[in-house]
Amino acid sequence: MDGATIPAISHALKVRGQPYETEWPYMNPGPLNNDSWKPPSGIENVFKCQTANVKINSDSIKNQIVSGILPIIAMMISDGFYSPVDNVIDTNEPYEDPRLHAVLAVGIGHANDKEYVQIRNSWGDQWGDQGYAWVSGDYLLSRRW
Numbered sequence: 111m112d113g114a115t116i117p118a119i120s121h122a123l124k125v126r127g128q129p130y131e132t133e134w135p136y137m138n139p140g141p142l143n144n145d146s147w148k149p150p151s152g153i154e155n156v157f158k159c160q161t162a163n164v165k166i167n168s169d170s171i172k173n174q175i176v177s178g179i180l181p182i183i184a185m186m187i188s189d190g191f192y193s194p195v196d197n198v199i200d201t202n203e204p205y206e207d208p209r210l211h212a213v214l215a216v217g218i219g220h221a222n223d224k225e226y227v228q229i230r231n232s233w234g235d236q237w238g239d240q241g242y243a244w245v246s247g248d249y250l251l252s253r254r255w
């Protein structure tokens with residue numbers, strides 16, 4: 111499996127921290143040679159936090175955001191996730207080969223009698239609307255991991 115495990119990410123956030131975007135901005139495109147690429151040195155200003163596993167449902171996401179906690183959501187994504195239409199991901203297309211991804215939930219909204227979660231993706235500002243998109247609750251909850 112490519113990527114990292116949730117326990118490893120939780121440990122890294124608690125012990126080592128995550129650099130702020132102002133200290134280590136997104137790279138578009140990414141490094142040309144991942145084998146020789148090294149993170150920038152001298153970054154001391156990092157965000158550290160304790161994590162907790164929370165059952166994901168529309169109420170828990172909403173309650174966390176309203177209380178000032180921005181949850182990281184792990185989910186299986188489909189092809190439609192790669193190119194949000196009008197910055198919205200609302201598709202019931204199948205996901206054949208599970209592609210796991212994590213996003214940060216930052217807001218809640220409603221449109222056309224549906225609930226949406228605004229997410230911040232880690233793919234840089236070229237994705238969605240400057241790195242943000244609205245994901246339907248149906249899409250998110252059917253693909254949570």
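In our numbering, the protein residues as written are 111 to 255.
Note that the Cβ used here is the ideal one computed from N, Cα and C, for glycine as well.
Model, not experiment: these values are computed from the prediction.
Note the first and the last residue of the continuous alpha helix (DSSP H) segment covering Ile218. Taking the sequence shown and counting its residues from 1, the one referred to as residue 218 is at position 108. Looking at the DSSP string, Ile218 is not in any alpha helix (DSSP H); the run it does join, the beta strand (DSSP E), is Arg209 to Ala221.
Using the beta-carbon count (16 or more within 10 Å), is Met111 buried or exposed? Against the sequence shown, residue 111 aligns to sequence position 1. Any reading at Met111 needs caution, since the residue's pLDDT is 47, under 50, leaving its predicted position unreliable; the model's value is listed next. Met111 should be labelled exposed.
Verify whether the separation of the beta carbon atoms of Ile182 and Ala212 is less than 8 Å. By 1-based counting over the sequence shown, the position of residue 182 is 72. By 1-based counting over the sequence shown, the position of residue 212 is 102. Contact flag set, yes.
Contact check, Ile199 vs Ala243 under 8 Å by CB: the rounded distance? Sequence index remark: in the sequence shown, residue 199 carries index 89 (1-based). Sequence index remark: in the sequence shown, residue 243 carries index 133 (1-based). Contact flag correct, Cβ pair sits at about 6 Å.
Per DSSP, which residues does Val198 bridge with? Please list them. Taking the first residue of the sequence shown as position 1, residue 198 is located at position 88. Note: Val198 sits in a beta bridge opposite Val195 and Trp244.
Hey, out of Asn197, Gly234 and Ala122, whose CA is closest to Gln160's CA? The count along the sequence shown starts at 1 and reaches residue 160 at position 50. Nearest of Asn197, Gly234 and Ala122 to Gln160, Cα basis: Ala122.
Can you give me the C-alpha to C-alpha distance between Asn173 and Pro129, rounded to a whole angstrom? Looking up residue 173 in the sequence shown gives position 63. Looking up residue 129 in the sequence shown gives position 19. So the alpha carbons of these two residues sit roughly 26 Å apart.
Would you mind working out which of Trp255, Gly152 and Pro149 sits nearest Pro208, comparing C-alpha positions? Position 98 of the sequence shown, counting from 1, holds the residue named residue 208. The option with the nearest alpha carbon to Pro208 is Trp255.
Could you pull the start and end residues of the alpha helix (DSSP H) that Ala118 belongs to? As a working mapping, residue 118 is identified with position 8 in the sequence shown. Element bounds for Ala118: Ile116 to Val125.
Check whether Lys224 and Ser188 have beta carbons under 8 Å apart: Mapped onto the sequence shown, residue 224 falls at position 114. Mapped onto the sequence shown, residue 188 falls at position 78. For the 8 Å CB-CB criterion, Lys224 and Ser188 do not form a contact.
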